[in-house]
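*Asks:* Structure below; questions to follow.
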Amino acid sequence: GNSVTQMEGPVTLSEEAFLTINCTYTATGYPSLFWYVQYPGEGLQLLLKATKADDKGSNKGFEATYRKETTSFHLEKGSVQVSDSAVYFCALLGSGSRLTFGEGTQLTVNP
Amino acid sequence: NAGVTQTPKFQVLKTGQSMTLQCAQDMNHEYMSWYRQDPGMGLRLIHYSVGAGITDQGEVPNGYNVSRSTTEDFPLRLLSAAPSQTSVYFCASTNSGGKTGNTIYFGEGSWLTVV
């Protein structure tokens, strides 16, 4: 079956530091890949997505590139802010609209 | 522009009680699903539906029932609540059949505590 493995957290950074959260996946066929963000006490918000190999998703300064050769979709941001503190989920959309999630990575950004 | 609407947002139940979490979407999406979120475990699929009248089990279906009598609504029923069902529940919908280019939309979540 499909699976998503995410970098374990928690991750603590200082403001303006570079962020990478690793995500690798196992899937059959050609899944779509997503990053969702969850702020404290809130639901999940789509951060970015990529639907085919070599696609780069980007939003709010975050980027992730769909790498089929390494089955990865790592999330990056060049300069994080305190407001980026949240839990980040990598997810894969396979057949039948079933999303498979990673375990989530808690990010805390200190001023 | 409602999207996916979940109710209630917060609920406390006693062990053995039953209740229904409501989920409605106004995007005419075919596919709807329920997930539960537990610390350190990400989101796990409980049940899903590929259209009105069709439902199927996900990863963790025990203790839950669903039905899909209309395209818009996909309620999740807890038959006899147990403390292990304390969790955050998310409803989601999409017009995807697994095709690329589509996105799953989530409700805001329902925080359920079973005491």
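In the order they appear, the protein sequences are chains G and F.
Following my numbering, the numbering of the first sequence begins with 1 at its first residue and continues without gaps.
Following my numbering, the numbering of the second sequence begins with 1001 at its first residue and continues without gaps.
A virtual CB, placed ideally from N, CA and C, is assigned to each residue, including glycine.
Just so we're clear, the structure is a prediction, and the values are computed from it rather than from any experiment.
Using beta-carbon positions only, say whether H74 of chain G and T20 of chain G come within less than 8 Å of one another.
*Replies:* Your numbering for residue 74 of chain G matches position 74 in the first sequence. Your numbering for residue 20 of chain G matches position 20 in the first sequence. Yes, Cβ-Cβ distance for H74 of chain G and T20 of chain G is below 8 Å.
*Asks:* So is S1049 of chain F buried or exposed if we call it buried at 16+ other beta carbons inside 10 Å?
*Replies:* The residue labelled residue 1049 of chain F in the question sits at position 49 within the second sequence. When all chains shown are included, S1049 of chain F counts as buried.
*Asks:* Output the residue ranges of the beta strand (DSSP E) runs that lie fully inside the stretch 1066-1101 of chain F and measure 3 residues or longer, sorted by chain position.
*Replies:* 1076-1078 and 1087-1094
*Asks:* Looking only at DSSP bridge pairs, what is T20 of chain G linked to?
*Replies:* Here residue 20 of chain G is taken as the residue at index 20 of the first sequence, counted from 1. Its beta-bridge partners are G:E76.
*Asks:* Less than 6 Å between C-beta atoms, sequence neighbours within five positions excluded: which residues of the same chain meet that for P40 of chain G?
*Replies:* Locating residue 40 of chain G in the first sequence gives position 40, where the first residue counts as 1. Here the set comprises nothing.
*Asks:* Rounded to whole angstroms, what's the CA-CA distance from D54 of chain G to T70 of chain G? Just pull it up for me.
*Replies:* Residue mapping note: residue 54 of chain G aligns to position 54 of the first sequence, counting from 1. Residue mapping note: residue 70 of chain G aligns to position 70 of the first sequence, counting from 1. Counting only the Cα atoms, T70 of chain G lies some 11 Å from D54 of chain G.
*Asks:* Name the chain G residues whose beta carbon is nearer than 7 Å to that of L1045 of chain F?
*Replies:* Position 45 of the second sequence holds residue 1045 of chain F. Per Cβ cutoff of 7 Å: R98.
*Asks:* Determine whether the Cβ of Y1089 of chain F lies closer than 8 Å to any Cβ atom of chain G.
*Replies:* Numbered from 1 along the second sequence, position 89 holds the residue referred to as residue 1089 of chain F. Output row for Y1089 of chain F: interface = no.
*Asks:* In whole angstroms, give me the CA-to-CA distance for Q1057 of chain F and C90 of chain G.
*Replies:* To locate residue 1057 of chain F, count along the second sequence from 1; it is residue 57. To locate residue 90 of chain G, count along the first sequence from 1; it is residue 90. Q1057 of chain F and C90 of chain G: Cα-Cα distance of roughly 22 Å.
*Asks:* For the beta strand (DSSP E) containing T5 of chain G, name the first residue and the last one.
*Replies:* As a first step, residue 5 of chain G is located in the first sequence; it is residue number 5 there, counting from the start. Where T5 of chain G is concerned, the enclosing beta strand (DSSP E) stretches over S3 to Q6.
*Asks:* Do the stretch 1013-1027 of chain F and the stretch 1084-1094 of chain F make contact, defined as three or more Cβ pairs closer than 8 Å?
*Replies:* Yes: at least three Cβ pairs fall under 8 Å.
*Asks:* So, is the C-beta of K49 of chain G closer than 8 Å to a C-beta in chain F?
*Replies:* In the first sequence, residue 49 of chain G corresponds to position 49, counting from 1. Cβ-Cβ to chain F under 8 Å: yes for K49 of chain G.
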